[in-house]
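Trainee: First the structure, then my questions, so here it is.
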């Protein structure tokens with residue numbers, strides 16, 4: 003499973019946010035995108051997921067199939083999952099119902115026994131993530147704390163079993179125990195068959211998840227690419243020393 007982005011330009015309300023970035027995400031690897039506030043990290047995540055509020059130019063291919071004109075539904079069915087930085091509260095939509103609906107849209111037919119097993123597994127997984135088992139029967143994110151919302155995003159990731167996982171600042175608002183729980187879940191999924199793109203402002207989560215590649219995003223461009231050591235260098239020196247060293 004390879005996701006290839008080539009010369010991607012993204013505009014929001016007439017303002018260009020991403021300015022022709024290119025990169026490749028390969029199966030079985032973890033990629034980190036770091037950058038200061040306003041660098042375009044969340045815009046990149048939303049663009050990869052097909053946010054209709056964005057205007058895209060360039061190419062986004064999944065295993066050679068062009069996705070640039072596809073919306074979120076088709077991209078989700080293709081196996082792309084996005085954990086949002088600020089998940090929305092949606093009244094009337096149950097957590098378990100949402101996951102069941104998405105999974106059933108991928109299956110050829112409904113299987114009642116399988117649905118029961120999936121619900122039971124969902125409850126078990128929620129408990130492992132530090133969520134009460136009742137949460138899967140509650141309205142999506144309604145009344146949840148920031149940390150609970152992040153755990154719920156990971157619960158959806160585990161239940162939906164995507165091929166490409168995009169995590170937009172999944173570590174924000176979490177304490178150390180929360181980060182450890184989430185990284186444990188990510189490691190469980192990272193069995194060489196999936197691709198992870200982790201967006202973060204601080205390298206704290208990268209102490210527990212060692213990325214194969216780190217990209218630094220500033221001013222809508224990738225300004226530096228390196229191994230996991232690059233994240234540690236950023237933690238020590240900050241982003242200011244990179245601003246004049248654009249590589250794209």
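Residue numbers (our numbering): 3 to 250. We put the CB at the ideal spot given by N, CA and C, even for glycine. Remember, predicted model here, so these are calculated numbers, not experimental data.
1. Could you tell me which of 202, 214 and 225 sits nearest to residue 237, measuring between CA atoms?
2. Taking the alpha helix (DSSP H) that residue 237 belongs to, which residues open and close that run?
3. Assuming contact is defined by CB atoms lying nearer than 9 Å, are residue 183 and residue 100 in contact in what I supplied?
4. Can residue 11 and residue 43 be called in contact, C-beta distance under 9 Å?
5. To which residues of the same chain is residue 198 closer than 6 Å at the C-beta, ignoring the five residues directly before and after it?
6. Give me the DSSP bridge partner(s) of residue 61.
7. Going by DSSP, which residues form a beta bridge with residue 217?
8. Could you tell me which residues DSSP pairs with residue 23 in its beta bridges?
9. Within 10 angstroms of the Cβ of residue 195, are there 16 or more other Cβ atoms? Answer buried if so, exposed if not.
10. Using the three-state DSSP reduction, which class does residue 99 fall into: helix, strand or coil?
11. Can you find the residues in the same chain that come closer than 8 Å, C-beta to C-beta, to residue 149, ignoring five residues on each side of it along the sequence?
12. Helix, strand or coil for residue 131? Go by DSSP, reduced to three states.
13. Taking the straight line between their C-alpha atoms, what separation do you get for residue 169 and residue 69?
14. Would you identify the three-state DSSP class for residue 17, choosing helix, strand or coil?
15. Hey, residue 172 and residue 186: beta-carbon distance below 9 Å or not?
16. How many angstroms separate the CA atom of residue 104 from the CA atom of residue 79?
17. For the segment 15-32 against the segment 75-89, do three or more pairs of beta-carbon atoms, one drawn from each stretch, fall closer than 8 Å, so that the two count as touching?
18. Which residues share a DSSP beta bridge with residue 49?
19. Within 10 angstroms of its Cβ, does residue 247 collect 16 or more other Cβ (buried), or is it exposed?
20. Can you tell me which of the three DSSP states residue 93 falls into?
21. For the alpha helix (DSSP H) holding residue 183, just list the boundary residues, first then last.
22. By the DSSP assignment, the alpha helix (DSSP H) with residue 173 in it spans what residues?
23. Below 8 Å CB to CB, which residues in the same chain sit around residue 96 once its five sequence neighbours on both sides are set aside?
24. Under 9 Å, do residue 241 and residue 207 count as touching if we go by C-beta distance?
25. Have a look at 9, 124 and 5 and flag the residue whose alpha-carbon is nearest the alpha-carbon of residue 224.
26. Mind listing, in chain order, the continuous alpha helix (DSSP H) runs of no fewer than 4 residues lying wholly within the segment 143-173?
Mentor: Put simply:
1. Residue numbering aside, residue 237 sits at position 235 when the chain shown is read from its first letter. If we check each option's Cα against that of residue 237, 202 comes out closest.
2. On the chain shown, position 235 is the one that residue 237 refers to. Unbroken alpha helix (DSSP H) run through residue 237: 231-239.
3. As a working mapping, residue 183 is identified with position 181 in the chain shown. As a working mapping, residue 100 is identified with position 98 in the chain shown. Contact: no.
4. The sequence position of residue 11 within the chain shown is 9, counting from 1. The sequence position of residue 43 within the chain shown is 41, counting from 1. No, they are not a contact pair.
5. As a first step, residue 198 must be located in the chain shown, where it is residue number 196. Taken in chain order, the residues that qualify are 32 and 167.
6. For this step, residue 61 is matched to residue 59 along the chain shown. Paired residue(s): 8.
7. As a working note, residue 217 is residue 215 in the chain shown. In DSSP, residue 217 forms a bridge with 35 and 227.
8. To locate residue 23, count along the chain shown from 1; it is residue 21. Here residue 23 is bridged, per DSSP, to 10.
9. Translated into positions along the chain shown, residue 195 becomes position 193. Under this definition residue 195 is an exposed residue.
10. Residue numbering aside, residue 99 sits at position 97 when the chain shown is read from its first letter. Helix.
11. On the chain shown, residue 149 is found 147 positions in, with the first residue counted as 1. Excluding positions up to five away in sequence, the list reads 175, 176, 177 and 180.
12. Walking along the chain shown from the start, residue 131 turns up at place 129. Coil, per DSSP.
13. Residue 169 sits at position 167 when you count from the first residue of the chain shown. Residue 69 sits at position 67 when you count from the first residue of the chain shown. For the pair residue 169 and residue 69, the Cα-to-Cα distance works out to about 19 Å.
14. Residue 17 sits at position 15 when you count from the first residue of the chain shown. Looking at residue 17 - three-state DSSP - the assignment turns out to be strand.
15. Within the chain shown, the letter at position 170 stands for residue 172. Within the chain shown, the letter at position 184 stands for residue 186. Against a cut-off of 9 Å, the Cβ pair of residue 186 and residue 172 comes out as no contact.
16. If you number the chain shown from 1, residue 104 lands on position 102. If you number the chain shown from 1, residue 79 lands on position 77. Cα to Cα, residue 104 sits roughly 8 Å from residue 79.
17. They do not touch, by the three-pair rule.
18. Here residue 49 is taken as the residue at index 47 of the chain shown, counted from 1. Answer is none; residue 49 lacks a bridge partner.
19. Reading the chain shown from its first residue, position 245 is the one you call residue 247. Note that residue 247 has pLDDT 48, beneath the 50 cutoff, so the model's placement of it is unreliable and no number is given.
20. Residue 93 sits at position 91 when you count from the first residue of the chain shown. Three-state DSSP puts residue 93 in a strand.
21. Here residue 183 corresponds to residue number 181 of the chain shown, with the count starting at 1. Here the alpha helix (DSSP H) through residue 183 covers 178-191.
22. Numbered from 1 along the chain shown, position 171 holds the residue referred to as residue 173. Secondary structure note for residue 173: it is in no alpha helix (DSSP H), with a DSSP letter that is neither H nor E.
23. Position 94 of the chain shown holds residue 96. 138, 139, 140, 141 and 142, listed in sequence order.
24. For this step, residue 241 is matched to residue 239 along the chain shown. For this step, residue 207 is matched to residue 205 along the chain shown. Inclusion of residue 241 and residue 207 in the CB contact set at 9 Å is not warranted, their separation being larger than that value.
25. Walking along the chain shown from the start, residue 224 turns up at place 222. Comparing alpha carbon positions, the residue from 9, 124 and 5 closest to residue 224 is 9.
26. Restricting attention to alpha helix (DSSP H) runs no shorter than 4 residues, the segment 143-173 encloses them at 148-162, ordered along the chain.
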